[in-house]
Structure formats: structure tokens, C-alpha cells
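K.L.:
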Amino acid sequence: MTRFLNALRDGVGFDILLVGAALLFLLALAGAPLVYNVLMSFQQVDMFTLGVLFRPFVGFDNYVAVVQQPEFWMVTRNTLVFVFGSMTGQFVLGFALALFFAQDFPGASTIRGLFLVSWVMPGLVVGAIWSWILAGDFGVLNVILKSLGIIQNNVFWKSDPNFSIWAVIIANIWLGLAFNMLLLSVGLAAIPRDLYEAAELDGANAFQRFWTITLPMMRSTIGAVLSLGLIGTLQQFDLFPALTEGGPANTSNVAGFWSWQLSFQLYDFAKGATVSVMMFLLVLFASVIYVRSTRHEVRG
Numbered sequence: 001m002t003r004f005l006n007a008l009r010d011g012v013g014f015d016i017l018l019v020g021a022a023l024l025f026l027l028a029l030a031g032a033p034l035v036y037n038v039l040m041s042f043q044q045v046d047m048f049t050l051g052v053l054f055r056p057f058v059g060f061d062n063y064v065a066v067v068q069q070p071e072f073w074m075v076t077r078n079t080l081v082f083v084f085g086s087m088t089g090q091f092v093l094g095f096a097l098a099l100f101f102a103q104d105f106p107g108a109s110t111i112r113g114l115f116l117v118s119w120v121m122p123g124l125v126v127g128a129i130w131s132w133i134l135a136g137d138f139g140v141l142n143v144i145l146k147s148l149g150i151i152q153n154n155v156f157w158k159s160d161p162n163f164s165i166w167a168v169i170i171a172n173i174w175l176g177l178a179f180n181m182l183l184l185s186v187g188l189a190a191i192p193r194d195l196y197e198a199a200e201l202d203g204a205n206a207f208q209r210f211w212t213i214t215l216p217m218m219r220s221t222i223g224a225v226l227s228l229g230l231i232g233t234l235q236q237f238d239l240f241p242a243l244t245e246g247g248p249a250n251t252s253n254v255a256g257f258w259s260w261q262l263s264f265q266l267y268d269f270a271k272g273a274t275v276s277v278m279m280f281l282l283v284l285f286a287s288v289i290y291v292r293s294t295r296h297e298v299r300g
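Per the UniProt record's numbering, the very first residue in the sequence shown carries number 1; after that it's consecutive.
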């Protein structure tokens with residue numbers, strides 16, 4: 001024991017101790033709940049057996065039951081629309097803002113810092129703000145659209161089945177826009193300016209420089225942004241109870257919120273765990289694709 005303490009005091013093995021502490025923390029707070037959740041998806045769980053570890057094993061019956069739920073395919077479609085719409089909007093607008101603020105003009109840093117306000121705000125607060133903006137009777141968005149002549153009558157974004165999922169998408173794009181812009185700005189700053197100067201001397205226009213220099217040099221950054229965006233979008237929960245609560249008639253319900261409803265409103269914990277395991281497999285699949293697509297990247 002004395003030799004071990006002396007080794008820590010001398011710095012030998014201290015890095016291993018720090019890494020080991022972090023791994024224990026992850027195993028305790030992430031690994032154990034994940035294993036418990038996967039185990040619960042293969043068991044019969046109710047209010048009386050929730051606190052028991054060993055419960056009746058039902059195999060894949062919970063997965064079959066979830067797929068046979070009448071709202072399963074609507075929730076699946078909504079999840080895909082929500083993920084694709086949110087990621088597309090966050091990435092495209094975030095990239096555009098990153099390119100815009102990469103230009104050298106007075107006040108660029110100050111204005112860019114204002115965009116970070118949305119990133120640090122809690123999801124419920126963002127949901128409350130956008131609930132007022134998207135209100136059908138007095139919402140600011142309807143006023144703007146009517147003044148521009150885009151719509152003639154008020155659109156009830158949160159209660160109309162045709163627009164409810166898009167109401168949450170708009171709010172989520174605003175919530176994650178600053179995060180995408182920040183990461184993409186870091187990637188842009190890492191590209192050597194000499195490459196652009198050489199290409200400009202060779203006669204390349206702005207689009208050609210973007211296509212042949214910016215995009216290839218930011219491949220790993222774009223992959224990381226898209227992967228983190230997928231994980232963050234699938235984990236988004238706060239906006240749904242603040243805006244639509246999954247309604248009307250599940251037209252804005254997604255897998256994450258449906259899992260919560262099954263577990264804590266219907267007390268069907270096994271099916272709720274099953275839906276969350278399906279989401280985890282989707283994130284795992286996306287992560288594997290990202291790692292395989294960027295494993296040949298040379299990192300300095």
C-alpha cells in the first residue's frame with residue numbers, strides 16, 4: 001500500500017488512476033442502466049415487479065407487441081421526419097452561418113456570440129418561447145407570414161395534424177443551430193488559408209474553392225457534427241411536452257416521447273424499454289457508419 005501511495009505521489013500511474021475513475025463513472029451511470037434497460041425489454045414488467053431484478057422472461061414478445069401497436073408506424077414516420085428535418089435545417093443553416101462569420105468584418109465575434117444564447121437555454125424554456133411564437137391566434141410567426149403574403153389565414157401549428165411535427169422541428173432547429181455553427185466554425189478555422197490563396201491564383205471561383213477545398217478538408221468535422229446531431233435529435237424530449245405533447249392523435253409523437261409515455265403514463269415499462277433499445281440500436285448503427293467512414297482520416 002505504501003508503494004502504491006508513493007507511486008501516486010510521484011505521478012507514476014496517476015494517469016491510469018484518472019482514466020480508471022472515469023471508466024468506473026461511465027460504467028456506473030451509463031453502462032449499468034443500459035444493461036438493465038436491455039434486460040427489461042426481454043422481461044414481463046409491471047408495477048408489482050418493477051423493483052425486482054429477476055422477472056418472467058418473455059423473449060422478443062415485447063418487440064413484437066411494440067411493432068403491432070397501432071401507432072407504431074406513425075411514430076416511426078414522425079421520428080424519421082423529425083430527425084431528417086432537424087438535422088438538415090441545423091446543418092445547412094449552421095454551415096451557412098459558419099461561412100458567414102468566417103468573413104472578416106467588424107462585430108463578427110459579437111454577433112456570433114449572440115447565437116449561442118439558444119444553445120445554453122434549457123429545452124423547456126425554448127419550448128415555452130416557441131409555444132408563444134407558434135400560437136395560432138396571436139403567434140408572431142403567423143403575423144410575419146401574413147404580412148409577407150405567404151398565408152391568408154392563421155396556421156395552428158401546434159394543433160393542426162399537418163403542421164404539428166413541423167412546429168417541433170422548427171423549434172429544434174433553432175435550439176441546435178448554434179451548436180452546429182460552433183463546431184463547423186472550428187473546422188473552417190483549421191483549414192490553412194494558403195490553400196484558398198493558391199486556388200484563387202489559379203482562377204478558382206468561390207463555389208469551386210468551397211467544393212474542392214472546404215468540403216474535403218472538413219469531412220471529419222462534418223461527420224462528427226452529423227453524428228452528434230443524430231444522437232442529440234433522438235434524445236430530444238423537452239420540446240414535445242412544451243409544444244404538442246405528441247398530439248394531436250400522435251401526429252407529432254416520436255420514439256423518445258412515446259417511450260416515456262409507455263413507461264410513465266401507461267406504466268408499461270417493458271414496452272417503454274423496448275422502444276428505447278430500438279433507438280439505441282439506431283444510434284449505434286449510425287455511429288458505426290461514421291467511424292468506418294472516417295477511420296482513414298489522418299489526425300495530427
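Backbone N, C-alpha and C fix where the C-beta goes; we use that ideal spot for every residue, glycine too.
Given the structure is predicted, the values throughout are model-derived calculations rather than measurements.
Across which residues does DSSP place Phe57 in a beta bridge pair?
P.N.:
Paired residues: Gln43.
K.L.:
Are Leu134 and Leu141 close, meaning C-beta to C-beta below 8 Å?
P.N.:
Closer than 8 Å, so yes.
K.L.:
What's the C-alpha gap between Trp174 and Trp260?
P.N.:
Spanning the two alpha carbons is a distance of roughly 24 Å.
K.L.:
Rounded to a whole number of angstroms, what is the C-alpha to C-alpha distance between Gly256 and Met74?
P.N.:
Their Cα atoms are separated by approximately 13 Å.
K.L.:
Would you kindly report the start and end of the unbroken alpha helix (DSSP H) that includes Trp132?
P.N.:
Gly123 to Ile133 is the extent of the alpha helix (DSSP H) around Trp132.
K.L.:
By the 10 Å Cβ neighbour count, where 16 or more other Cβ atoms means buried, how is Val64 classified, buried or exposed?
P.N.:
It counts as exposed.
K.L.:
Let me make sure I understand the geometry here. Which of Leu226, Phe280, Phe54 and Phe25 has the alpha-carbon closest to that of Ser86?
P.N.:
If we check each option's Cα against that of Ser86, Leu226 comes out closest.
K.L.:
Would you tell me roughly how many angstroms separate the C-alpha atoms of Ile150 and Tyr290, rounded to the nearest one?
P.N.:
Distance between the alpha carbons of Ile150 and Tyr290: 39 Å.
K.L.:
Would you mind reading off the limits of the alpha helix (DSSP H) that contains Leu50?
P.N.:
Premise fails: Leu50 is in no alpha helix (DSSP H) and is neither H nor E.
K.L.:
Could you give the distance in angstroms between the alpha-carbon of Ser220 and the alpha-carbon of Ile170?
P.N.:
Those two C-alpha atoms are separated by around 27 Å.
K.L.:
Considering only residues of the same chain and omitting the five flanking positions on each side of Phe163, which have a CB-CB separation below 8 Å?
P.N.:
Correct list, in chain order: Val155, Phe156 and Trp157.
K.L.:
In this structure, does DSSP put Thr251 in helix, strand or coil?
P.N.:
Coil, per DSSP.
K.L.:
Since Leu243 and Trp130 are thought to touch, with beta carbons under 8 Å apart, how far apart are those beta carbons, to the nearest angstrom?
P.N.:
Yes, Leu243 and Trp130 are in contact; Cβ-Cβ is about 7 Å, under 8 Å.
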